[in-house]
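One structure below.
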Amino acid sequence: MEPKHVPVMLNEAVNILSVMPGRVYVDGTIGGGGFSKEILRRSSPDGFLIGIDRDADAVKNVQIELEKEFDKKRFKLFYSNFSKIDDIVKESGFKNVDGIILDLGISSIQLEGDRGFSFKEEGGLDMRMDKGERLTAYEIVNHYPEKVLADIIWRFGDERHSRKIAKKIVEFRKNKQIETPLELRTIIKKAVFKGRGVLRIDPATRTFMALRIFVNKEYDSLIEFLGKLKDVLNIGGVIAILSFHSGEDRIVKNFFKNNPGFKSLSKKPILPSDEEVRFNPRSRSAKLRAFCHV
Ligand SMILES: C[S@@+](CC[C@H](N)C(=O)[O-])C[C@H]1O[C@@H](n2cnc3c(N)ncnc32)[C@H](O)[C@@H]1O
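In terms of the numbering used here, the sequence shown opens at residue 17 and continues consecutively.
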């Protein structure tokens with residue numbers, strides 16, 4: 017069976033956009049299309065959706081899915097980075113839009129595929145969301161100097177064992193290149209887990225996250241996007257951002273804290289319900305922040 021992505025906090029995120037007919041919305045991370053579909057349904061009959069994803073497969077598949085349910089004239093999808101939102105909105109024929117949603121990170125479809133995002137035997141150490149980019153996780157773990165590796169794992173993974181992990185990686189690759197995600201996971205596990213105690217998460221989780229963020233320059237895209245926001249979002253329009261780890265949430269929180277042009281729509285970030293976390297464990301680390309352009 018083809019892997020599917022279960023959208024996280026779908027209702028909360030789309031509710032906060034106050035989607036209405038006749039308005040224009042951007043889903044900057046279409047993934048499996050869950051948010052896009054809901055926006056098109058709620059803005060029926062004449063709302064317009066601009067969808068973006070840096071994964072060409074996601075764009076192709078969501079195009080097919082949306083065409084099954086909606087008039088093609090109501091949406092336009094782009095294989096691109098949401099950091100290019102200004103050009104994309106212009107190319108779609110609009111000056112501004114009424115609501116934007118970003119659901120950061122990777123989809124379950126990407127996670128379960130063979131691009132090296134999860135600890136699998138098969139597939140290489142790739143981790144690119146956009147196969148058009150050049151840098152892969154393979155290049156980093158097999159060729160970057162130990163100090164740089166340690167810094168990446170520390171900065172983007174908040175991994176306190178970053179130095180030990182980098183050292184073990186460099187030791188291993190003296191004999192043989194690291195080829196598969198499973199091989200990398202085994203090296204990391206040996207570096208940090210002494211076989212005592214109970215593990216809450218896999219010891220390789222933080223390192224894999226760090227590599228993914230670095231390969232895809234995820235923070236850079238988010239920062240570039242935020243810098244363009246006031247020029248593309250109408251006054252009264254809403255930006256909603258779902259983040260899955262502290263590094264990206266911090267970027268979002270600090271940007272809006274220092275920006276008087278936006279008013280927060282909730283005192284605290286909105287979190288998934290206990291029921292959602294039980295049903296979809298991937299949602300457990302999600303935080304939704306939403307702001308109105310004033
Ligand atoms: C968590 S999934 C989105 C799931 C989607 N909301 C749904 O309901 O199916 C994240 C998606 O965002 C894409 N993505 C991540 N960073 C991006 C960026 N800077 N520009 C465009 N797409 C990005 C990924 O390729 C992935 O498909």
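All residues carry an ideal CB built from backbone N, CA and C; glycine is no exception. Since we're looking at a predicted model, the values are computed, not measured.
Would you mind giving the Cβ-Cβ distance between residue i and residue j, rounded to the nearest angstrom? I have them listed as a contact below 8 Å.
i      : j      : result
Leu227 : Ile156 : 6 Å
Phe94  : Leu82  : Their Cβ separation, rounded to whole angstroms, is 13 Å, which puts Phe94 and Leu82 out of contact at 8 Å.
Ser301 : Phe241 : Not a contact, Cβ separation roughly 21 Å.
Ser108 : Ile66  : 5 Å
Val113 : Gly253 : 7 Å
Roughly how many whole angstroms lie between the Cα atoms of residue i and residue j?
i      : j      : result
Ile181 : Phe51  : 37 Å
Gly263 : Met225 : 11 Å
Asn77  : Leu118 : 19 Å
Lys20  : Ile125 : 6 Å
Leu249 : Lys136 : 41 Å
Ile104 : Ser96  : 9 Å
Pro61  : Lys84  : 15 Å
Ala166 : Ser59  : 47 Å
Val24  : Leu127 : 15 Å
Gly277 : Leu245 : 10 Å
Lys163 : Gly44  : 34 Å
Asp142 : Leu198 : 13 Å
Val208 : Gly132 : 21 Å
Glu28  : Arg150 : 36 Å
Pro37  : Ala256 : 18 Å
Ile46  : Ile239 : 19 Å
Following a CB-centred definition, is residue i positioned closer than 7 Å to any heavy atom of ligand 1?
i      : result
Pro23  : yes
Gly50  : yes
Gln79  : no
Asn97  : yes
Ile55  : no
Asp69  : yes
Leu120 : yes
Glu138 : no
Thr45  : yes
Ser264 : Note on identity: in this sequence residue 264 is Glu, with Ser being the wrong assignment. For ligand 1, not one heavy atom lies less than 7 Å from the Cβ of Glu264.
Met143 : no
Glu234 : yes
Specify, as a first and last residue, the run of the alpha helix (DSSP H) that residue i falls within.
i      : result
Asn158 : 153 to 159
Phe224 : 221 to 231
Val254 : Counting along the chain, Val254 falls outside any alpha helix (DSSP H), though it belongs to the beta strand (DSSP E) covering 249 to 259.
Phe188 : 178 to 189
Gly115 : Looking at the DSSP string, Gly115 is not in any alpha helix (DSSP H); the run it does join, the beta strand (DSSP E), is 113 to 119.
Leu93  : Note, Leu93: premise wrong, no alpha helix (DSSP H); beta strand (DSSP E) at 91 to 95.
Ser262 : 262 to 273
Leu198 : 197 to 208
Which residues bound the beta strand (DSSP E) around residue i?
i      : result
Arg307 : For the record, residue 307 in the displayed sequence is Phe; it is not Arg. Residues 303 to 309.
Ser124 : First-last for Ser124: 124 to 128, but that is the alpha helix (DSSP H), not the beta strand (DSSP E).
Phe295 : Element bounds for Phe295: not the beta strand (DSSP E) but the alpha helix (DSSP H), 290 to 295.
Leu106 : In the sequence as presented, Leu is not what sits at residue 106; that position holds Lys. Segment 101 to 107 is the alpha helix (DSSP H) holding Lys106; no beta strand (DSSP E) there.
Phe172 : Looking at the DSSP string, Phe172 is not in any beta strand (DSSP E); the run it does join, the alpha helix (DSSP H), is 162 to 173.
Lys279 : 278 to 280
Quick check: does the Cβ of residue i come within less than 7 Å of any heavy atom belonging to ligand 2?
i      : result
Gln126 : Among the ligands present in this structure, namely ligand 1, ligand 2 is not found.
Enumerate, from N- to C-terminal direction, the unbroken beta strand (DSSP E) stretches of 3 or more residues contained entirely within the segment 20 to 64. Runs of the beta strand (DSSP E) lying entirely within the segment 20 to 64 and spanning at least 3 residues, in chain order: 40 to 43.
Start-end ranges of the alpha helix (DSSP H) lying completely within the segment 61 to 87, minimum 4 residues: If we require 4 residues or more, the alpha helix (DSSP H) runs fully inside the segment 61 to 87 come out as 72 to 85.
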